[in-house]
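Start counting the sequence shown at 16; every next residue gets the next number (the numbering used here).
Even glycine gets a Cβ: it sits at the ideal position worked out from N, Cα and C.
First comes the structure, then the notes that go with it.
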Amino acid sequence: MRAFATIILFIFMVAYRMVSGLTKERRGHSFIKIGHRGAAGYCPENTFASFNKALELGANYLEIDIQMTRDGELVIIHDPTVNRTTNGKGRVRDFTLKEIQSLDAGSWYHSKFSKERIPSFSEFLNTYAGKVGLLIELKKPHLYPGIEEKVANELLIRGLVSGENNQVIIQSFDQISMKRIHHLLPNIPIGILIKKTKINGLSNKELESYVNFATYVNPKVTMVNKRLIRRIHQHGFKTMVWTVNKRSEKNLLKNYSVDGMISDYPDLLK
Ligand code: G3P
Ligand code: CA
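Spelled out as C-alpha cells, the structure:
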C-alpha cells in the first residue's frame, strides 16, 4: 500500500514538473515586447531614430504604420496627413515619395532630430527584417486601393512570407483588408485591432467572425479586463494589448497572461 502511494506521488510530481516547466517555457519563449511606432515615448514616432531606440531598450518587435504616396510607394507614417509629424502640410496620398521624404520628420519632437525623414517601407525592411520581429499595421487601407498587394510583394521579394517564428505579423482595424492579406499571404499571422469601451465589449459573435483569417485579437488597453483576455484565448486567438505605457497596466496584464504588449516605452516591458 505504501509502495503504491509512493509510486502515485512520484508520477504526480513528474507530471506537475512537466506541466509547470512547459508553461514557463511557453510564457518565457513567446512573450512579445513591441516598441510602438519604435519608441515613440523617447523619439519622433515612426523614424529610424525611434526604431533604433526601441531596439536599444529591448523591444523584440517594432510596430509601424503603413500608408501610400501618390506614386504608389509605401511609407511609414501614422496620420493620413503629414501635418502633425513633419514640417509639411497635406495628405500623404498627395505627395510623391521624393516629396514626402524631403520633409523634416523630427523637429516637431525636438530640434536634435531634424535629420529624421519619413522612412519608406522598403528602407525599413532592408534595415530591420531578420533582425527583429515586425508588427506592420495597415493604416486606413481603404484610402489606398491595392496597398495589400504592394505590402505582400515587398515581403515576398525578401522571402519574409513563410510565417516562420512569427517574424512578421500584419494587423489593422480594417477586417476586409486583413482578409485580403490573409488570402495573399496565408502563412503570415494576422491581427485584428479592437478599440471599444469596456461596456460595449467584444461579442462572441465578433470573435467568431475572425476565426477564419486572424491569429491575434489586439485590444486597446482601456477596454481590457481578465475576462476579455480569457475569452480571446478561449476562442483560440493570441493577444497583444496596446498602448501599455503605465507600470500598473503592465503588471495587471502580466497576471492576465497576454501574449504581448505594445508600448511607447519598450523599457517598461522588460
Ligand atoms: O499597434 C496598435 C496601435 O498602434 C493602434 O493604434 O493609433 O497607435 O496606430 P494607433
Ligand atoms: Ca499603429
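Next on the checklist: Ignoring anything shorter than 3 residues, give me the beta strand (DSSP E) runs that lie fully in the region 147-179, in order along the chain.
Outcome noted: 148-153
Next on the checklist: What residue range does the alpha helix (DSSP H) around GLN182 cover?
Outcome noted: Numbered from 1 along the sequence shown, position 167 holds the residue referred to as residue 182. That residue, GLN182, is in no alpha helix (DSSP H); it is neither H nor E in DSSP.
Checklist entry - Count the other CB atoms within 10 Å of the CB of GLN249; is the residue buried (16 or more) or exposed (fewer)? => result Numbered from 1 along the sequence shown, position 234 holds the residue referred to as residue 249. Its Cβ having fewer than 16 others within 10 Å, GLN249 is exposed.
Checklist entry - What did DSSP end up calling SER287 once you bin it into helix, strand or coil? => result Coverage of the chain is limited to positions 16 through 285, which leaves residue 287 absent and any answer about it impossible.
Item to check | heavy atom of ligand 1 below 7 Å from ILE209 C-beta | outcome: Locating residue 209 in the sequence shown gives position 194, where the first residue counts as 1. No, ligand 1 has no heavy atom inside 7 Å of this Cβ.
Checklist entry - Taking C-alpha atoms, which residue in THR100, LYS68, LEU70, GLY73 lies nearest to ASP80? => result The residue you call residue 80 lines up with position 65 of the sequence shown. When only C-alpha atoms are compared, the closest one is THR100.
Checklist entry - Taking just the CA atoms, how far does CYS58 sit from SER126? => result As a position in the sequence shown, residue 126 is number 111, starting the count at 1. As a position in the sequence shown, residue 58 is number 43, starting the count at 1. In a straight line, the C-alpha of SER126 is about 11 Å away from that of CYS58.
Checklist entry - Where are the alpha helix (DSSP H) runs, 4 residues long or more, that stay fully inside the region 54-116, in chain order? => result 63-71, 112-115
Item to check | Separation of ASN270 from ARG108, as counted between CA atoms | outcome: Here residue 108 refers to the residue found at position 93 of the sequence shown. Here residue 270 refers to the residue found at position 255 of the sequence shown. So the alpha carbons of these two residues sit roughly 42 Å apart.
Next on the checklist: So for ASN240, helix, strand or coil by DSSP?
Outcome noted: Along the sequence shown, read from residue 1 onward, the residue named residue 240 stands at position 225. Correct three-state label for ASN240: coil.
Checklist entry - If LEU208 and PHE228 are in contact, beta carbons under 8 Å, what's the gap, nearest whole angstrom? => result Taking the first residue of the sequence shown as position 1, residue 208 is located at position 193. Taking the first residue of the sequence shown as position 1, residue 228 is located at position 213. 14 Å between Cβ atoms; not a contact.
Checklist entry - Cβ of GLU223 within 7 Å of any heavy atom in ligand 2? => result On the sequence shown, residue 223 is found 208 positions in, with the first residue counted as 1. No, the beta carbon of GLU223 sits no closer than 7 Å to any heavy atom of ligand 2.
Checklist entry - Can you give the Cα-Cα distance for PHE252 and ILE185, rounded to whole angstroms? => result Numbered from its first residue, the sequence shown carries residue 252 at position 237. Numbered from its first residue, the sequence shown carries residue 185 at position 170. Spanning the two alpha carbons is a distance of roughly 14 Å.
Checklist entry - Is the region 151-167 touching the region 73-93, taking contact as three or more C-beta pairs under 8 Å? => result yes
Checklist entry - What is the DSSP secondary structure of PRO204, counted as helix, strand or coil? => result Within the sequence shown, the letter at position 189 stands for residue 204. In this structure, PRO204 counts as coil in the three-state DSSP scheme.
Checklist entry - On the three-state DSSP scale, how would you describe TYR225? => result Taking the first residue of the sequence shown as 1, we reach residue 225 at position 210. It is helical.
Checklist entry - Do you know offhand how far ASN240's Cα is from LEU199's? => result Against the sequence shown, residue 240 aligns to sequence position 225. Against the sequence shown, residue 199 aligns to sequence position 184. Taking the straight line joining both Cα atoms gives about 34 Å.
Checklist entry - Hey, out of SER218, ILE191, MET238, ILE203, whose CA is closest to THR212's CA? => result Here residue 212 is taken as the residue at index 197 of the sequence shown, counted from 1. The residue with the shortest Cα to Cα distance from THR212 is MET238.
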